[in-house]
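First the structure, in the form of structure tokens, and then the observations on it.
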Amino acid sequence: RAAGYHVWDHAPWILLVEEAGGRFSDRTGGRAGDRGGGLYSNAALHDPLLAHLGYPAQGRHVG
8 RAAGYHVWDH
18 APWILLVEEA
28 GGRFSDRTGG
38 RAGDRGGGLY
48 SNAALHDPLL
58 AHLGYPAQGR
68 HVG
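Numbering (my numbering), first residue to last: 8 to 70.
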């Protein structure tokens, strides 16, 4: 967890982004908001951005 960040800092944004058609992935490829941030993006760019950043693909949670 990043210093000063908590799960409640990300939870509302995950919901808002996903309800608007976007996606969120944490740094392990999962959807947890308590792992020090992650990637918020639109659905079309999400997988290419994950690959570019070196994050595992969503659904292939590691650890």
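Idealized CB from N, CA, C, for every residue including glycine.
Item, Value
"Can you tell me where the alpha helix (DSSP H) holding H13 begins and where it ends?", "Taken as a continuous stretch (DSSP letters only), H13 belongs to no alpha helix (DSSP H), as it is neither H nor E."
"List the whole-angstrom C-beta distance separating G28 from A50, where the pair is believed to meet the contact cut-off of C-beta under 8 Å.", "6 Å"
"With a threshold of 6 Å on Cβ separation, who are the neighbours of H53 within its own chain once the five nearest residues in sequence on each side are excluded?", "R30"
"Which term fits G61, buried or exposed, when burial requires 16 or more other beta carbons within 10 angstroms of its beta carbon?", "exposed"
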